[in-house]
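Undergrad: Please read through the structure below; I'll follow up with questions.
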Amino acid sequence: MKKYLTGVFYSLPIQLLLLHFRRYQVLLIFWYLLFAIVGGALLESYGANSLYLAPEYLGNVDALSTSLVGFSIGVFIMTWNISTFIVHTKHIRFLATTAQPFLKYCINNSIIPIVFLCFYFYCAFDYDLNEELITRIDILWMTLGFAGGFAISILISFIYFFSADKSIYRKMGSIMQNANLQYALADKKPVTINNKYDIRIDWFLSARLGLRKPRNVQHYSQEFFDSIFKRHHIAAVLAILIAFVLLLTIGFFSDYKTFQIPAAASITVFFAILIAVETAFTLFLGNWVFPMLIVLYVTVNWMYHENIIDPRNKAFGLNYNNESERPYYNKDSIIQLASPANKEADKKVFLQMLENWKQKQATDKPVLFIINSSGGGTRSATFTLNVLQKLDSVTNGRLMPHTFLINGASGGMLGAAYFRELYWQKLQHDSINLQNKQYTNNIAGDLLNPLFSSLISRDLAGPVRTFESGGYTYTRDRAYAFEQKLNVNTDGILNKKLRDYKKAEESATIPIIFFNSTITRDGREMVISTHPARFLMQPIVDSEHNSISDPDLIDYTSFFAKQNPLNLRMLTALRMNATFPYVLPNVWLPTKPVIDVMDAGLRDNFGQETTLRFLDNFKDWLQQNTSKVVLIQIRDRQMGDWEKPYQPNSIISSFTKPFFILQNNWYKMQDYFQTDQLNFMAKTFGPQFYKISFQYVPSNEASSAALSFHLTATEKKDIENALANPFNQQSFNTIAGLVE
């Protein structure tokens, strides 16, 4: 038994596995990333595992989409084999004297790939069956598709290396034959280790999976080994360059649907390229890797500082060309913007819009609705649209005519803006049915796949293509991919400019929308609207008894008056409102100095702060001209959220707790603060003010819909079913009673 275990331990597959953990451990990081993503241990809350387990291609999850992922994983495995073959061959020199050494290396280096493939198939079957609700027969076809793509990738690789082997052995065969005339081809005893790098190998698997003993290679010169492996290394580098060119090609033509491959495929190929780059750095630079990385960083940073390269994202439609007319972002400029005269001028415009709204109502004192929708990715967008469709039904179509303002943050505004657009379309084309479930499916459509795919193939690999919007040129990046996919999902009805909504909002044909975002420089809020709203820039205070604070909000329309602000794309306004960190790039704006903005949820995840400030400004008019002011809050999580406390459960967590406690409780702290604000407003208004909430409460707390731009079939059903919970049903009944 001991002899058997010793033989297993000193077999090439086991020794290679141990060698990976002993040397160049950085190459294992990419395996960890794949295992963690597929298993849901990494970025599951962003839906990253769905990219691998239910890949989408041409709008479908099927055998074709999985075949592309299978092909990419084949590329990754072969790149890993190539890279480790390059760095580890000095430890297993006997392979150089065998036919097709790379094939034998791959066979003996297959423990990690086989374990990963088994793990992947297990996770994919469970996920597709229980989360995506895919039938077993379809899962079988998807599995066969994956296997087919994987097999094609491996086959192409081996055909390439077989041809390389033939070329090498035509040149080196005579040298090997002359050396072999002097020594036996194999030795019954374990091979003597004659090189300080050699590791003990008693057995290895042949090309036909038979057990073979390695031959003694002491009669070969080091120059011979260097020559053999150098030729294999050149072939390997060429293969890696081909993969990189392939990724660049995909990114360049990714506007065409055929080239919009699954994000998982792009990510995996990118991992493969990173492995190759790391190997090249290690092989050619040796101990100079770290100094060269510093030089590279300094060089790229200098190029960025000198505007030689500019990877930053812009607001599509805004004028970045008139640099001399850019507004100054400083205290004096902002205070001047929020002058009393400017505030009063803007208030008069909004008062006229309120009068226009009142004229369209059937009574002298109608009910006025304001809708606030919380952030929360596609989860919130879908829940918001579901709620608005149901509200339109229970109020017999009177919801939107009674609504003056829509406000909120992030994903929720995607659903709210889409519903407003559908309502406007219905006013022009009576054939539209606002309760049509197809609209819910549209807004619930995947947005994550093009994001990650474009991140890899465009943002990182080569952002070289541009496009034109409103007469200005911008780079095609993942932000552009996000907007294009949202445009496709919503059948193109949101592909408009802000100016296209100006007259409809002025006449109160449709509700006004405030699009919010957070300025990263100082945490101030930026509000995008078709009309200047500078009265929102500061809270109303009694200047005789209280000091006036600096503005904590920037009015986009007036601040960028010389940058063609209403030329901004509606899709871009929605994206700026929903710029989730890292998933979407921050949007930099043409100011002096330059500022950038990100997700509105960082400052106010419910839009309530801006809404209450709006109500405070028009309190007198509302009290005199409305019977009730109803704030409808649509939330993607429960108030209080007792079900998900922050509970560190490891020794490492006890050290990281101070860093993550704010991140995990940020939206709760907003809730606490805004509840106080709301209570003050309710006391000011009196009994005519109502706040009615709708909450997404998952049927199973353990399987709540992810905060992501992707929803599974199970999550979509769960969000729809949340409308029927007792809390929401009571809210529907309350609103129905208010408009009777």
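The working numbering runs 13 ahead of the 1-based position in the sequence shown. C-beta: ideal position from N, C-alpha, C; glycine also.
Asn420 and Gly620 look like a contact to me (Cβ under 8 Å); what is the Cβ gap, rounded to whole Å?
TA: 4 Å
Undergrad: Measure the Cβ-Cβ separation of Val610 and Met539 and say whether it is below 7 Å.
TA: yes
Undergrad: Among Val407, Ser562, Asn143 and Ser80, whose alpha-carbon lies nearest the alpha-carbon of Gly750?
TA: Val407
Undergrad: Could you check whether the segment 379-398 touches the segment 561-570, counting it as contact only if at least three pairs of C-beta atoms, one from each stretch, sit closer than 8 Å?
TA: No contact exists between the segment 379-398 and the segment 561-570.
Undergrad: Could you give the residue range of the beta strand (DSSP E) that holds Gln2?
TA: Coverage of the chain is limited to positions 14 through 753, which leaves residue 2 absent and any answer about it impossible.
Undergrad: Using a threshold of 7 Å, state whether the C-beta atoms of Val400 and Ser640 are closer than that.
TA: no
Undergrad: Would you tell me roughly how many angstroms separate the C-alpha atoms of Arg491 and Thr281, rounded to the nearest one?
TA: Going by the C-alpha atoms only, they are around 17 Å apart.
Undergrad: Is Lys378 helix, strand or coil when you go by DSSP?
TA: coil
Undergrad: From the DSSP output, read off the bridge partner residues of Arg512.
TA: Arg512 pairs with nothing; no bridge assigned.
Undergrad: Could you tell me which of Phe34, Met652 and Trp315 sits nearest to Gln683, measuring between CA atoms?
TA: It is Met652.
Undergrad: Taking Pro275 as the reference, give the member of Ile732, Ala354 and Leu468 with the closest Cα.
TA: Taking only the C-alpha atoms, the option nearest Pro275 is Leu468.
Undergrad: Excluding sequence positions up to five away, which residues of its chain have a Cβ less than 8 Å from the Cβ of Ile705?
TA: Val643, Leu644, Ile645, Gln646, Ser744, Thr747 and Ile748
Undergrad: When the Cα of Gln38 is compared with those of Thr97, Phe495 and Gly83, which residue comes out closest?
TA: Thr97
Undergrad: Which one of Lys575, Asn580 and Leu254 has the shortest CA to CA distance from Asn508?
TA: Asn580
Undergrad: According to DSSP, is Ser279 helix, strand or coil?
TA: helix
Undergrad: Go through its chain and collect everything with a Cβ distance to Val74's Cβ below 6 Å, but skip five positions before and after it.
TA: So the qualifying residues of the chain are Ala67.
Undergrad: How would you write the range of the alpha helix (DSSP H) that Val540 sits in, first residue to last?
TA: Run containing Val540: none in the alpha helix (DSSP H); it sits in the beta strand (DSSP E), Glu538 to Ile541.
Undergrad: What does Ser386 pair with, by DSSP beta-bridge criteria?
TA: Gly421 and Ile647
Undergrad: According to the neighbour-count rule (16 or more other Cβ atoms, all chains shown, within 10 Å of its Cβ), is Ala375 buried or exposed?
TA: exposed
Undergrad: Rounded to whole angstroms, what's the CA-CA distance from Pro126 to Gln441? Just pull it up for me.
TA: 58 Å
Undergrad: Below 6 Å CB to CB, which residues in the same chain sit around Met189 once its five sequence neighbours on both sides are set aside?
TA: Bear in mind that a pLDDT of 41 at Met189, under 50, signals an unreliable position, so the number given afterwards is only what the model happens to contain. No residues qualify anywhere along the chain.
Undergrad: What are the boundary residues of the beta strand (DSSP E) that includes Phe702?
TA: Phe702 to Gln708
Undergrad: Tell me the DSSP secondary structure of Glu434 in three-state form.
TA: helix
Undergrad: Determine the direct distance from the alpha carbon of Leu306 to that of Asn314, and round the result to whole angstroms.
TA: Spanning the two alpha carbons is a distance of roughly 12 Å.
Undergrad: In whole angstroms, give me the CA-to-CA distance for Ser562 and Phe382.
TA: 30 Å
Undergrad: Need the endpoints of the beta strand (DSSP E) that Thr531 sits in, please.
TA: Phe528 to Ile532
Undergrad: Looking at C-alpha atoms only, which residue of Gln448, Lys373, Phe480 and Thr312 is the closest neighbour of Glu518?
TA: Lys373
Undergrad: Relative to the C-alpha of Leu146, which candidate in Leu724, Asn590, Leu168 and Pro114 has its C-alpha closest?
TA: Leu724
Undergrad: Please report the Cβ distance between Ile526 and Arg433, rounded to the nearest whole angstrom; I am assuming they are in contact, meaning their Cβ atoms lie under 8 Å.
TA: 7 Å
Undergrad: Between the beta-carbon of Gln690 and the beta-carbon of Leu628, is there less than 7 Å?
TA: Here Gln690 is not near Leu628, since their CB atoms are 7 Å or more apart.
Undergrad: Among Phe84, Tyr45 and Trp216, which one has its Cα closest to the Cα of Gln28?
TA: Trp216
Undergrad: Am I right that Lys498 and Met583 are in contact with their C-beta atoms under 8 Å? What's the rounded C-beta distance?
TA: In fact, because the Cβ distance is near 15 Å, the residues do not count as touching under 8 Å.
Undergrad: From Ala137, Gln365 and Thr79, pick the residue whose C-alpha is nearest to that of Lys544; which is it?
TA: Residue 544 is actually His in this sequence, not Lys. Nearest in C-alpha terms to His544, of all of Ala137, Gln365 and Thr79, is Gln365.
Undergrad: Give me the Cα-Cα distance between Ala494 and Gly158, rounded to the nearest whole angstrom.
TA: 27 Å
Undergrad: DSSP puts Trp601 in a beta bridge; with which residues?
TA: Lys327 and Asp609
Undergrad: DSSP three-state label for Asn502, please.
TA: Reduced to three states, the DSSP call for Asn502 is helix.
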